[in-house]
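Residue numbering for the sequence shown follows this note's numbering, starting at 19 and increasing by one per position. Heads up: the structure comes next, in structure tokens.
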Amino acid sequence: MHVITQKRIWEAKQKWPQAASSLDAWYRLMKSSEPGSFAEMKALFPATDKVGRQHVFDIGGNKSKYPPA
């Protein structure tokens with residue numbers, strides 16, 4: 019998966035420092051994967067919802083949800 023910018027991840031880590039390690043783990047997983055469909059994305063990261071054309075990831079046990087920018 020192509021992650022366009024780390025800026026939003028960095029901003030989220032500043033705003034929610036308790037989620038920093040979860041965000042780092044999510045970033046590494048997404049950066050190293052190439053899901054070809056939403057089903058493959060869901061298999062890779064089960065806590066993903068589709069909202070319109072965007073994916074919303076549940077990172078950190080449903081304490082925070084981060085939509086893509």
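Think of the CB as a built atom: it goes at the ideal place given N, C-alpha and C, for glycine as much as any other residue. The structure presented is a predicted model; accordingly, all values stated were derived computationally and were not measured.
Separation of residue j from residue i, as counted between CA atoms
i, j, result
"S50", "Q36", "24 Å"
"D67", "S55", "13 Å"
"K88", "A38", "Not covered by the structure: residue 88. The range shown for the chain is 19 to 87."
"W34", "Q24", "15 Å"
"A65", "P53", "15 Å"
"L57", "H73", "Reading the sequence as shown, one finds Ala at residue 57 and not Leu. Rounded to the nearest angstrom, the two C-alpha atoms are 12 Å apart."
"R26", "L47", "16 Å"
Option nearest residue i by Cα separation, candidates the options
i, options, result
"A43", "L62, K68 and D67", "L62"
"K60", "D76, W28 and R26", "D76"
Cβ distance (whole Å) where residue i is taken to contact residue j below 8 Å
i, j, result
"G70", "S40", "So it is not a contact: roughly 24 Å between Cβ atoms."
Closer than 7 Å: residue i CB and nearest the ligand PLP heavy atom
i, result
"A61", "This structure lacks the ligand PLP; in fact it carries no ligand of any kind."
Minimum length 3: unbroken beta strand (DSSP E) runs contained in the segment 29–83: 66–69 and 72–77
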